[in-house]
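Participant: My questions all concern the structure below.
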């Protein structure tokens, strides 16, 4: 089980580098996935989504990759900026109306 | 550009008090959710509602109840607050299979 007070995994990158944040999901029946960004003191914000009939989807500076074989999702951020510093977490949907969220990865962008 | 609002950003209550957390969405969404977010545990679903006066238990409903008398409003009630309910509470709404939109969160401290 999970422990209260467990620290979030942290990814530190240099400003301008690309970031890759990974997420393993649990249910092979999940067919819709979302990445959220949460800045300190704020609610999570939608970044990008992908459905299970796709392997890749691109947005502005962000790309989501889905590997259904190994139940793995990744978020790639190009040319990472200080404003990208936040906690990122993935969500999966395998039941109409209900989403399940990962615990998140903290991205720290060094100037 | 108001979408999901929560009545308080910060709240301090005493053990045993009855606590109401209010959430309003202006997107005419059918589904509304209450999550709590704790370090290392991610977002855990407390209750959700897919229609007025309808509610379903999430993963951790113990110690909580909800009310949805109007489509735009979803209230979370702590009947007798306890210190282990100190947490960040996030309200969200969604329509169908679209992603959830979160409110800014309420940081509740129970002393």
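Residue numbers (the working numbering), protein chains in the order written: chain A, -12 to 98; chain B, 2 to 112.
Where is the CB? At the ideal position from N, CA and C, for every residue including glycine.
Quick caveat, the model's predicted, so the values are computed rather than measured.
Quick one: measure Cβ to Cβ for residue 22 (chain A) and residue 57 (chain A), integer angstroms, because I've assumed they're closer than 8 Å.
Facilitator: Actually they are not in contact, since the Cβ atoms of residue 22 (chain A) and residue 57 (chain A) sit about 18 Å apart, beyond 8 Å.
Participant: Measuring alpha carbon to alpha carbon, tell me which residue in A:55, A:36, A:46, A:13 is nearest residue 90 (chain A).
Facilitator: It is A:13.
Participant: Comparing the C-beta of residue 90 (chain A) with each C-beta of chain B, is any distance below 8 Å?
Facilitator: Yes, contact with chain B.
Participant: Excluding the five sequence neighbours on either side, which residues of its own chain have a C-beta within less than 8 Å of the C-beta of residue 41 (chain A), listed in chain order?
Facilitator: Counting only Cβ-Cβ distances below 8 Å, and skipping sequence neighbours, we find 53.
Participant: Please identify the residue among A:64, A:35, A:71 whose C-alpha is closest to the C-alpha of residue 79 (chain A).
Facilitator: Of A:64, A:35, A:71, the residue nearest in Cα terms is A:35.
Participant: Let me know the secondary structure DSSP gives residue 84 (chain B) once reduced to three states.
Facilitator: If DSSP states are grouped into helix, strand and coil, residue 84 (chain B) belongs with the helices.
Participant: Does DSSP put residue 70 (chain A) in a helix, a strand or coil?
Facilitator: Three-state result, residue 70 (chain A): helix.
Participant: Please name the residues in the region 6 to 39 of chain A whose beta-carbon is closer than 7 Å to at least one beta-carbon of chain B, in chain order.
Facilitator: Listed by position along the chain: 19, 21, 29, 30, 31, 33, 36.
Participant: Does the beta-carbon of residue 32 (chain B) have 16 or more other beta-carbons within 10 angstroms, so that it is buried, or is it exposed?
Facilitator: The residue is buried, with at least 16 neighbouring Cβ atoms inside 10 Å.
Participant: Considering only residues of the region 16 to 75 of chain A, which uninterrupted beta strand (DSSP E) runs meet the minimum length of 3 residues and lie entirely inside it, listed in chain order?
Facilitator: For the region 16 to 75 of chain A, whole beta strand (DSSP E) runs of length 3 or above, ordered along the chain, are 19 to 25, 32 to 38, 43 to 45, 49 to 54, 59 to 64.
Participant: Report the neighbours of residue 100 (chain B) on chain A: residues whose CB is nearer than 9 Å to its CB, in chain order.
Facilitator: The answer, in chain order, is 19, 21, 23, 33, 36, 78, 80, 86.
Participant: Which chain B residues sit within Cβ distance under 9 Å of residue 62 (chain A)?
Facilitator: Correct list: empty, because the minimum Cβ distance to chain B is about 14 Å.
Participant: Exposed or buried, which one is residue 47 (chain B) when buried takes at least 16 other CB atoms within 10 Å?
Facilitator: By the neighbour-count rule (16 or more Cβ atoms within 10 Å), residue 47 (chain B) is buried.
Participant: Say whether chain B places a C-beta atom closer than 8 Å to the C-beta of residue 94 (chain A).
Facilitator: No, residue 94 (chain A) lies away from the interface with chain B (no Cβ there is under 8 Å from its Cβ).
Participant: Cα separation between residue 71 (chain A) and residue 62 (chain A)?
Facilitator: C-alpha separation (whole angstroms): 12 Å.
Participant: Do you know offhand how far residue 73 (chain A)'s Cα is from residue -1 (chain A)'s?
Facilitator: Between residue 73 (chain A) and residue -1 (chain A), the C-alpha separation is close to 11 Å.
Participant: Round the Cβ separation of residue 64 (chain B) and residue 83 (chain B) to the nearest angstrom and send it over; I've been treating them as touching at under 8 Å.
Facilitator: Sure, about 7 Å apart at Cβ, within 8 Å.
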